[in-house]
Each structure stands twice: as structure tokens, then as C-alpha cells.
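There are 2 protein chains.
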Amino acid sequence: MHQSELFSKTTKNLPEGEESKNAQLLIKGGFVNKSSAGVYSILPLGLKVLNKINQIIREEMNALGAEELLMPSLIHKKYWEQSKRWEADIIYKTKDLDYGLGWTHEEVITAIAAHSINSYKDLPKAVYQIQTKFRAEPRAQAGLLRGREFLMKDLYSFHADEKDLNNYYQKVIKAYKKILDRLCLKARLAEAGGGAFTKEFTHEFQVLNPAGEDTVLYCDQCDWAQNREISKMEHGDKCPACKKGSVKMYRGIEVANVFKLGTKFSEAFNLNYLDKNGKKNLVVMGSYGIGPTRIMGTLVEDNYDEKGILWPDAVAPYKVHLVLLGEDKKVKKEADEVYKILIGHFGESEVLYDERNASAGEKLNDADLLGIPWRIIASDKTAKLKKVELKRRSEKEIKFVSEKQLSKLIK
Amino acid sequence: MHQSELFSKTTKNLPEGEESKNAQLLIKGGFVNKSSAGVYSILPLGLKVLNKINQIIREEMNALGAEELLMPSLIHKKYWEQSKRWEADIIYKTKDLDYGLGWTHEEVITAIAAHSINSYKDLPKAVYQIQTKFRAEPRAQAGLLRGREFLMKDLYSFHADEKDLNNYYQKVIKAYKKILDRLCLKARLAEAGGGAFTKEFTHEFQVLNPAGEDTVLYCDQCDWAQNREISKMEHGDKCPACKKGSVKMYRGIEVANVFKLGTKFSEAFNLNYLDKNGKKNLVVMGSYGIGPTRIMGTLVEDNYDEKGILWPDAVAPYKVHLVLLGEDKKVKKEADEVYKILIGHFGESEVLYDERNASAGEKLNDADLLGIPWRIIASDKTAKLKKVELKRRSEKEIKFVSEKQLSKLIK
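Here is the structure:
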């Protein structure tokens, strides 16, 4: 892609009152545009990142044997009334009070499942969607970490009994770990409260980060971690699990959660199945969320320096950023050649070519702001050396390499 | 995919008051589930169809040089007030009257473009999204043809002058023709009214079909067509264009439209650019819509018989439907082999294998209902012949062919 043709531009102007670092950097880089508090448009550069996040999630959900579907946002109040959740403050309701905007889809999926599940032969089943959610957040000042409108991957599973649910629950935890690994996000699996549904703990994946709105207690030597809301431990206590490590306290961003719903919704929506003996039983359910837009914000909070974002390779909008400096026609011609070689190797969608008429300072600042992992500079200086300049966004070292070496060095 | 593992099932039960043929057949086949009037969940089988439609649209939009982005649904009233559209009856508003749900995105995209477009060097530009829209339709009885919530691909273009807009407008018409061709939808390009924005005609792509809610006048010999709302012609008149053909009148489903917005929105949102002489000008805009969920409904209205849907190859949820009849273990083993061969040839995502324990009648009825283009039967009878039975959903002829011939015959 030629950078001169990109729809979005970098900017120095931030909307009034935009305090969160992730939103500031995403706006400056032209990844998102703020529509109103807690509501963002995802611009083409940002959508490239978001689609890569979604694709990783989708692959791991499909590997779990879950099928993708798409439920509506406009959910008639009859659904919410049936589960006694119509009064939740979090729901945006339409003016006529006929609909609530989906902030979670247990009601709708349970009603649908009642058409699909009748017998033990139909179990287990799992379905997911990657879909827009709405929550009437009173405070929406954390950028993409807490939106009034945001993208959510929600997975729902259906089981004959608790044992099968428990098995699947562990499988989803493994799948979520794999997703977060692929996204280069280090997260702690923390126990948390079960809300109205269950007396058991549920689990959250918490990324320890100063921008987090939760507080997590965790062991510095083993895997033990709890959300402060339910923990009896304090900073400095001995770890209750390994009895060796020390309990630390830090802020966390909840990027995913897993939840045993039990039979709460199958009871409300009459979701039964006949077992082998012809006896009617309630279906046992689980629900599991992971937030792609929140992950995008978390990746920024986790990967930036004073100059801009440092995207992990797996989700970067482009793999390589080729920057032409100066106006020499010969250098331009050589850079055009390098661009051809790069798109031959990495595909057109993975190479951004800054061929704009702009100063070196502006171009290099933009490159740092955009945070593409590999930067290649073609300039008078590199042309004289018959090489180009190669640099990782995350490193200081600069190498002068021949065009032929590029495809070997860039992984 | 093994059919026994599919989340959705076929059903004979239709929700009360569901009168539209497309919704009836899509519900019966397990492609969609009705959530409330005009609101449907797209089930896994339906999402496979919808994704294929979206992919065709996306490819042609990208070929036009348009970049994809994603705008929000929760649009603050300040946007609608600025364009004087806040009072439109079609908008769902939130209870607090802070937001309207996006039914179209001229306001939001123009406000965004004001950050990206400042100079003639930034023009032309085009962006699109495939995104959920909401319209408070008083009557929502046409299934996927007129939803209260539906998917829309909306493209917006930005130009220095009318001439450039006119050029692009013709390019979009060509791209839309290509999309509809690939979807096997025969549509007439009809002139229609410009509403509040323009005194010129706009254009709609109308699929002539008894389920259509519009009325189209068209020539039986040339390309001339008009929406009845603006036409001065009547059924039986001589064609005003070719002067040879006769004007016919029929119902049409509007599957796409193209619209010259002129400077209405750039004026409201201060979207200007500096020309080569440093003079400030308003950006000239176009907007172009095509509805993936409406297209899905139209494809059904256009392709069904008394037994169910006949999906065109380009959008069928699966290319091949392998149906095992009877409970003979040897036949089952052979069918398993055929399944392996088929997924080797066409990919796992293109083959549905009905290995359920169900009667031949149920299985064959379901196959007709699902409407997958190629049906292959493995049974006692075919096993004795050392062949399988091959049939196109749209044809009556049955062939007995060897496994080796399958990949040659199925295109």
C-alpha cells in the first residue's frame, strides 16, 4: 500500500478530554477516530489490526469445535424479562422501551438452542460470535478498554451435566491461553466472583498493567492469582497456594473471562434434553468472553514508548514499513524496486510504502507512531552504499543490508 | 462437516405470523432464527452463506481501491442534529435520547473525513464498511428483505468536483453489476428519485420478483428501467429510450443503490479542501449501498421450489452434500471413504456429510430443504453398483458414477 493513498493520516490533535494512553496513541496514529465518549470508529489501519486479532480468536474457537453464528443487537424486552435482567442499568434501551441493545447474549442463544437441542445425542454443542456489544457505562474514559460500544467474541457451550461442562471449561481456558500467547499478551488467570449465577469462582485473564481498572493479587513464584474483589490475601502475604512465594498486588486489565452458567438460563428458557432413559433434564451451560477491541487497547498499553506504538508482529497492520527519504529520482526508482521485492515476498497487504512528499523528520516520526515492526529506509545515503537501512521498531540497532538480504532478515 | 454435529437443525415449525417465503425457507432449513419481527439471528449455516456474499462484495470494493473501516452503531445526536436528520422517524433512539442507532453513516464518515482530507492531493478517496444497520420499520413482514436490524455494505466516496464524482459513480455501477453477476442475481438498473439530496435521478439495482416491495417499469428490449415513483410511463407504453420495446411493469427488490450526495454533508460538517491555487472548496461526495442480508433473502426468493432452497454455487453453504442412506456398516465405511475424497478435493468447509441415524425420507427431504448444489447418495443400491448417485439440486437427472469421476463432474 502506498502511504499517500491511505485514507487516514497521523495527527497531533487529540479530542478534548481523551485521557487514556491507548486512545491517544491510536488516534494520533490514525487507527481509530473518537465518535463520542466510549465510542470509536475503527479506521482502515486499525481494522487491519482488529481483523488479525479476530482471525487468531476465530482459529482457536474453530479448533475447539465451536461453530460461528451472528446474533442481533436489537433484543426484544421479552428475552430480558424472561431472565429477569430487564432492569439492569447497563442496558441501553430504545425510546419506546421495546428493545434492549445486546450487552451479552445468554438469553438469545438459550432461546435458539431450545430449537436445536432436544436429546442427549445433540450434546455437547458450542457456538460463538464476534459481534458488537453495547453497555451504558457511566464512565467511559479508558479508551478502548471500556467502551459503550465494543467488539466481543462470546462463546456459549451446552452440556448434559456439570462434569462435561467442567471438562469444556478447562479446554476453553487452554484455548484462551493460546490466543493470548499468539497475541504476545502475558496474562494471569485469576479467580473472580461468580455474580448472581454461581457460588463457585469464575476465572478472568488479567493483564497486569497500570492502565487496568481491576486490582489483582498474585503470587510472584507460582500461578496463583485472585481479583481483589474476592481475595482474602493482601500484598506481602505468603502465597496460599505454593506457600513459598509472596503475594503481590497490581492493576489488571481483564481481557477475557470464563463462566459456568449452570442451569440459570436453561431454566428460564426451557432448554431441556431427554437422556438415554427418556428422562427430561436441564441443559448445563457455560459462557466465555474475550474482547477484541479491548485487546487492541491493551496491546497498545502494553507496547508503547515515548514515540508511539510498538505492535507485536502477529497483529501489526503491516509487517514492513518502507520509507523513502529525499526527492532524488534515482533513489525513488530504487525504493520502488525494493517495494516490488517486498510485496513479492510478504504480500501487498503486509507492506506499507511511504512515498509521500514530506520531510524526513515527519516521515520518521510517523513511522515510530504507526509502530510497524520492521522499518526499511531508502535514502541518498543508503543508495550510495547500494544497500537499505533496516531497523526493528523495538530495537535501537540499525543495519545496512542489501536488498537480497531483506527477506532473510525479516521474519 | 458431519451433519450430526451441526448446531442447527431443520424444522417444520414456523414462528407465528412469519409470512415471507424467504424467512420461512431460511428458518425451516436452520439458516436463521427469528428473534422478533424484522430481527433475525444468522445461524452457522446461514453465516456461511452470508460470509460468501460479503467476501464477493469485499473483493469488488477493494478492486475499486476503497479501504474498509468500521463505524459505530451508537451515534451521538450531535451528528444527526448537524445534518438536520435527528427527527427522522426511521431512527431508533436510546431512552435518554443521547444516541440514534446508525441507519446510514453519512454524518459519521463526513466528520471523520474532515480529519483526513485537507488538500486536493488527498482526493479522491473511498472507504466502505460491512456493518449492522438499524431502521425502525413500522412493518417488518418481508423476512430478510426489510429488517429492523440488517447488514449493509456502505461505500462513501470523496471528490474534488462533480466530474470526478460522476466518473466514480459509473465505476461503482460497474462494480455492483459484477457483484450481482457473481451472485447470479439478474437485476435491472433503474432510475429513481433523489430524495432531499439531489434533483438528479439516482439509481437502484432492482431484482424483478413477486416478493419485491417496489414497482419497476422496464423495457422488454433495452436496458431502460425506472422506479414507478418517478416514472411517467405506464405498462404497455412504447419504451422512451429505444422506441422499439414495450414498457412492462413488475415488482422489484431493491438490492443496491448509488447516490450522488453532492455537497450536502460536506457543507454540514465543514469538509473542505484547498485546491492547487490555495482556494477552499467543498468536497463532493457519493454514497453507495448494497445489502448482504437482503441479498441473502433475495437469493432465496429467486431460487426455490416446493421442496426448499436452491442456492447458487457462489454462495451455497457447502458445495457438496454427501448423504448416507441405510445402516449397513459396509456402506457406511464406503461413504466415509467418499467423504475423505471429497474433502481432499473441495476442502473440509465445502462438504456436508449426512451420517445421521435417520430415515431415508427425512434425509432426502432435509437435503432438498438445505439446497446444496450437488447431492451425492451412498446406499445399499449404489454400493452394489460400486458407484454413488450424483444429482444437481436444480435438475431431475440422476447419474450413477464412480468415486473417481466425482471430482471431474462436480465443478
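Going down the list, the protein sequences come from chains A and B.
Residue numbering for the first sequence follows our numbering, starting at 1251 and increasing by one per position.
Residue numbering for the second sequence follows our numbering, starting at 1251 and increasing by one per position.
Glycine is no exception: its CB is placed at the ideal position from the N, C-alpha and C atoms.
Give every residue of the same chain whose Cβ lies closer than 6 Å to the Cβ of residue i, excluding the five residues on either side of it in the sequence, and list them in chain order.
i	result
residue 1324/A	1349
residue 1422/B	1508 and 1538
residue 1499/A	1467 and 1485
residue 1330/B	1336 and 1350
residue 1443/A	1479 and 1480
residue 1296/A	1281 and 1282
Can you give me the Cβ contacts of residue i inside the same chain, cut-off strictly under 8 Å, excluding the 5 residues immediately before and after it?
i	result
residue 1409/B	1373, 1374, 1415, 1418, 1533, 1534, 1535 and 1536
residue 1656/B	1588, 1591, 1592, 1595, 1626, 1638 and 1640
residue 1257/B	1293 and 1294
residue 1496/B	1469, 1470, 1471, 1486, 1487, 1488 and 1489
residue 1569/B	1563, 1596, 1600, 1601, 1622, 1623, 1624 and 1660
residue 1475/B	1438, 1439, 1440, 1441, 1456, 1466, 1467, 1468 and 1469
residue 1473/B	1438, 1439 and 1491
Mind reading off the beta-carbon distance from residue i to residue j? Whole number of angstroms is fine, and I expect it under 8 Å.
i	j	result
residue 1319/B	residue 1377/B	5 Å
residue 1290/A	residue 1397/A	7 Å
residue 1441/A	residue 1480/A	7 Å
residue 1394/A	residue 1272/A	6 Å
residue 1275/B	residue 1559/B	5 Å
residue 1599/A	residue 1322/B	Their Cβ separation, rounded to whole angstroms, is 25 Å, which puts residue 1599/A and residue 1322/B out of contact at 8 Å.
residue 1515/A	residue 1333/A	6 Å
residue 1572/A	residue 1601/A	6 Å
residue 1382/B	residue 1405/B	Contact doesn't hold; Cβ gap of about 16 Å is too wide.
Is it buried or exposed, residue i, if we count other Cβ atoms within 10 angstroms and call 16 or more buried?
i	result
residue 1265/B	exposed
residue 1619/A	buried
residue 1648/B	exposed
residue 1389/B	exposed
residue 1253/B	buried
residue 1670/A	With chain A running from 1251 to 1661 in the structure shown, residue 1670/A is simply not present.
residue 1347/B	exposed
residue 1316/A	buried
residue 1460/B	exposed
residue 1270/A	buried
residue 1262/B	exposed
residue 1528/B	exposed
residue 1659/B	exposed
residue 1604/B	buried
residue 1312/A	exposed
residue 1628/B	buried
residue 1361/B	buried
residue 1366/A	buried
residue 1288/A	buried
residue 1607/B	exposed
residue 1579/B	exposed
residue 1482/B	exposed
residue 1298/A	buried
Cutting at 7 Å between CB atoms, please list the residues of its own chain near residue i, excluding the five before and the five after it.
i	result
residue 1540/B	1307, 1403, 1426, 1429, 1505 and 1506
residue 1411/B	1534
residue 1260/A	1278, 1279, 1280, 1616 and 1619
residue 1631/B	none
residue 1364/A	1519, 1520 and 1521
residue 1530/B	1522 and 1524
residue 1450/B	1444 and 1510
residue 1353/B	1340, 1341, 1383, 1384 and 1385
Next item on the list: Quick one: which unbroken beta strand (DSSP E) runs of 3-plus residues sit fully inside the stretch 1286-1367 of chain A? Chain order, please.
Entry: Runs found: 1289-1292, 1324-1326 and 1349-1351.
Notebook entry, point to check: For the 8 Å Cβ check, are there 3 or more pairs between the stretch 1489-1509 of chain A and the stretch 1540-1553 of chain A?
Noted result: yes
Note to self: With a threshold of 8 Å, are at least 3 pairs of Cβ atoms found where one atom belongs to the stretch 1548-1560 of chain A and the other to the stretch 1433-1441 of chain A?
What the structure shows: yes
Next item on the list: Would you be able to state if there are at least three C-beta pairs under 8 Å between the stretch 1573-1589 of chain B and the stretch 1627-1644 of chain B?
Entry: yes
Checklist line | Three-pair Cβ contact test at 8 Å for the stretch 1300-1318 of chain A versus the stretch 1555-1568 of chain A | finding: yes
Item checked: Segments assigned beta strand (DSSP E), at least 3 residues, entirely inside the stretch 1463-1490 of chain B -> 1464-1469 and 1475-1477
Check: Counting only runs that start and end within the stretch 1547-1613 of chain A, where is the beta strand (DSSP E) found for 3 or more residues in a row?
Finding: 1570-1574 and 1601-1604
Note to self: Assess contact between the stretch 1464-1476 of chain B and the stretch 1488-1504 of chain B, defined as three or more Cβ pairs (one per stretch) separated by less than 8 Å. Is contact present?
What the structure shows: yes
Check: Any contact of the stretch 1380-1395 of chain B with the stretch 1337-1347 of chain B, i.e. 3+ C-beta pairs under 8 Å?
Finding: yes
Check: What are the uninterrupted segments assigned as beta strand (DSSP E) that are 3 or more residues long and contained completely in the stretch 1513-1538 of chain B, given in chain order?
Finding: Listed in chain order, the beta strand (DSSP E) elements of length 3 or more contained wholly in the stretch 1513-1538 of chain B are 1522-1524 and 1530-1532.
Next item on the list: Please specify which runs of the beta strand (DSSP E), each continuous and at least 3 residues long, are wholly inside the stretch 1387-1412 of chain A, giving them in chain order.
Entry: When DSSP assignments are scanned along the stretch 1387-1412 of chain A, the uninterrupted stretches of beta strand (DSSP E) that are 3 or more residues long and fall wholly within it turn out to be 1399-1409.
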